[in-house]
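Enquirer:
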Amino acid sequence: MILVTGGAGYIGSHTIVELLNKNFEVLVIDNFSNSELSALNSIEKITGKSISFIEMDLRNYDLLIEKTKEFDIEGIIHFAAYKSVGESVFEPLKYYDNNINSLINILNFLKERSISNFVFSSSCTVYGSPEIIPVTEKSEVKKGESPYGKSKIIGEEIINDFNASHTFSAINLRYFNPIGAHSSGLIGDKPSGKPNNLLPFVTQVAIGKREVLSIFGGDYDTPDGTCLRDYIHVTDLAKAHVSAIEYNRKNHNKVIPINLGTGNGSSVLEIVNTFEKVTKIKINFKINPRRKGDVPAIFGDCSLSKKLLGWEAQLSLEDMLSSAWNFEKNIKN
Ligand code: UD1
């Protein structure tokens, strides 16, 4: 059985679908701080399989031990964390408390329960603003530009240090920009309140929930002046987690960082234009000043994932955008 922390969230829920499709049994721990129980019901609907579930906060170690007693856990995928870059600047302690203490507890738990298979949800944010793109796993890890970003860098360091003192196999998956939704339209990115990320904002403008998309900066040193990112379909990303769990079964006893992207950079304007083409809906947008902390351009060299995990992204930008739109149309409120 695989323990998925934060399993009701955006990437977690898609990953569980792929785990169940590959006949893994799944135990979810989630405190619903930025997710809903309905996502778990949707997963069961999509797969026709059931999942075990515990509602709790991972910062409560005694409860974690107590509640998981009866489950035979082979591996852990640790998603549970806060993820808003902007919010983390205003509430740094909230981010360090949740993201770091939950990780420490889950690693203590891994040792106590003799689990040796660990997958961590990291981010390309560890590369900061890179001098050379595409970035490889050997590119320099930077200092971190926000408490959120630092919590991922520190998280990777904690896992490395722990691995030097205790034997287990770990993969730090460094995601580029996950977008899109499951082909069923039943699960997807559903931020509470005003979206920070680009795609939910675009779909909310398209459906009329928001009036205008603000494009942050049109004067970057990029082909059309807007930022470049490596957008990756969340279903592709989810499948990579299953491959990582399978790879760790070889007991390599190391910590391996792996980039997960498509290897292509797309600009914000390209996203808007492709969205318009795929959905035939016009997006009302305005080019505004740059957003503080944004990196002008980043995309990944994703050859290591292919070499080690046998995984590479399959789905196109059109697939990503049409599935995101399909999900938005299905959201009830
Ligand atoms: C950020 C983090 C990433 C994190 C992710 C999760 C950095 C460098 N990146 O990604 O590590 O995992 O958030 O939340 O810290 N944009 C607009 N208008 C909008 C929203 C976004 O123009 O309303 C633009 C941004 O300027 C950026 C692109 O769209 O160029 C993508 O932004 P976003 O979806 O917020 O992701 P990142 O900032 O790349």
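According to this note's numbering, the stretch in the sequence shown is residues 15 to 347, in order.
Where is the CB? At the ideal position from N, CA and C, for every residue including glycine.
As the structure is a computational prediction, the values presented were derived from the model and not from experiment.
Could you please give the first and the last residue of the uninterrupted beta strand (DSSP E) stretch that includes GLY89?
Expert: Note, GLY89: beta strand (DSSP E), 89-92.
Enquirer: Taking the straight line between their C-alpha atoms, what separation do you get for SER228 and VAL282?
Expert: C-alpha separation (whole angstroms): 10 Å.
Enquirer: Let me know the alpha helix (DSSP H) ranges lying completely inside the stretch 180-252, each 4 residues or longer, listed in chain order.
Expert: For the stretch 180-252, whole alpha helix (DSSP H) runs of length 4 or above, ordered along the chain, are 212-221.
Enquirer: Please state if the CB of TRP339 and the CB of THR276 are separated by a distance shorter than 8 Å.
Expert: No, the Cβ-Cβ distance between THR276 and TRP339 is not below 8 Å.
Enquirer: For ASN48, which three-state DSSP category applies?
Expert: Note: ASN48 maps to coil in three-state DSSP.
Enquirer: On the CB-based measure, 16 or more other CB atoms within 10 Å of its CB, does ASP86 come out buried or exposed?
Expert: Exposed, since its Cβ has fewer than 16 Cβ neighbours within 10 Å.
Enquirer: Answer yes or no: do ILE193 and GLY89 have a C-beta to C-beta separation smaller than 8 Å?
Expert: Cβ distance not < 8 Å, so ILE193 and GLY89 don't count as in contact.
Enquirer: Taking 8 Å as the cut-off, decide whether the C-beta atoms of TYR96 and TYR141 are in contact.
Expert: In this structure, TYR141 does not lie closer than 8 Å to TYR96 by Cβ.
Enquirer: Is the number of C-beta pairs between the stretch 60-76 and the stretch 31-48 that are closer than 8 Å three or more?
Expert: Verdict: yes, contact present.
Enquirer: For ILE270, which three-state DSSP category applies?
Expert: Strand, per DSSP.
Enquirer: Under the criterion of a Cβ to heavy atom distance below 7 Å, does LEU212 qualify as lining the ligand UD1?
Expert: Within the cutoff, so yes.
Enquirer: From the DSSP output, in three-state form, read off ILE43 for me.
Expert: Here ILE43 sits in strand by DSSP.
Enquirer: THR276 by DSSP, collapsed to three states: which one?
Expert: Correct three-state label for THR276: coil.
Enquirer: What number of angstroms, rounded off, separates the C-alpha of ILE246 from the C-alpha of PHE176?
Expert: Cα to Cα, the separation comes out at about 30 Å.
Enquirer: Using a Cβ-Cβ cut-off of 8 Å (strictly less than) and excluding sequence neighbours within five positions of ASN302, which residues of its own chain qualify?
Expert: Excluding positions up to five away in sequence, the list reads SER228, ILE229, PHE230 and GLY231.
Enquirer: Please report the distance separating the alpha-carbon of LEU322 from that of TYR261.
Expert: Distance between the alpha carbons of LEU322 and TYR261 is about 8 Å.
Enquirer: Counting along the chain, where does the alpha helix (DSSP H) carrying LEU33 start and finish?
Expert: Taken as a continuous stretch (DSSP letters only), the alpha helix (DSSP H) holding LEU33 covers 24-35.
Enquirer: Please name the residue or residues paired with SER281 in a DSSP beta bridge.
Expert: In the DSSP output, where bridge partners are listed per residue, SER281 has LEU242.
Enquirer: Take ASN119 as the anchor and find which of LYS152, LEU77, ILE25 and GLU101 has the nearest alpha-carbon.
Expert: Considering only alpha carbons, the answer is LEU77.
Enquirer: Any contact of the stretch 19-31 with the stretch 52-60, i.e. 3+ C-beta pairs under 8 Å?
Expert: With a cut-off of 8 Å, the stretch 52-60 and the stretch 19-31 count as touching, because enough Cβ pairs lie within range.
Enquirer: Restricting to Cα atoms, I'd like to know which of SER116, ILE168 and GLU151 is closest to PHE190.
Expert: When each option's Cα is compared against that of PHE190, the closest is GLU151.
Enquirer: Looking at ASN267 and PHE341, is the spacing between their C-beta atoms short of 8 Å?
Expert: Against a cut-off of 8 Å, the Cβ pair of ASN267 and PHE341 comes out as no contact.
Enquirer: On the DSSP letters alone, give me the boundaries of the beta strand (DSSP E) that LYS137 sits inside.
Expert: The sequence as given places Ser at residue 137; Lys does not occur at that position. Here the beta strand (DSSP E) through SER137 covers 131-137.
Enquirer: Tell me the DSSP secondary structure of LYS300 in three-state form.
Expert: If DSSP states are grouped into helix, strand and coil, LYS300 belongs with the strands.
Enquirer: Please state whether the Cβ-Cβ distance between LEU213 and ALA311 is less than 8 Å.
Expert: No. Outside cutoff.
Enquirer: One question on the structure: do VAL40 and PHE93 come within less than 8 Å of each other, judged by their Cβ atoms?
Expert: Taking 8 Å as the Cβ cut-off, VAL40 and PHE93 do not qualify as a contacting pair.
Enquirer: Using a Cβ-Cβ cut-off of 7 Å (strictly less than) and excluding sequence neighbours within five positions of ASN113, which residues of its own chain qualify?
Expert: Result list for ASN113: ALA95, TYR96, SER165 and GLY169, in chain order.
Enquirer: Taking buried to mean at least 16 other C-beta atoms within 10 Å of its own C-beta, is ARG263 buried or exposed?
Expert: The residue in question, ARG263, is exposed, as its Cβ has fewer than 16 Cβ neighbours within 10 Å.
Enquirer: Residue range of the beta strand (DSSP E) that PHE67 falls in?
Expert: Element bounds for PHE67: 66-69.
Enquirer: With distance defined between alpha-carbon atoms, name the residue in PHE38, THR236, GLY26 and GLU126 nearest to ILE251.
Expert: Note that residue 251 is Leu in the sequence shown here, rather than Ile. Residue GLY26 is the option with its Cα nearest to LEU251.
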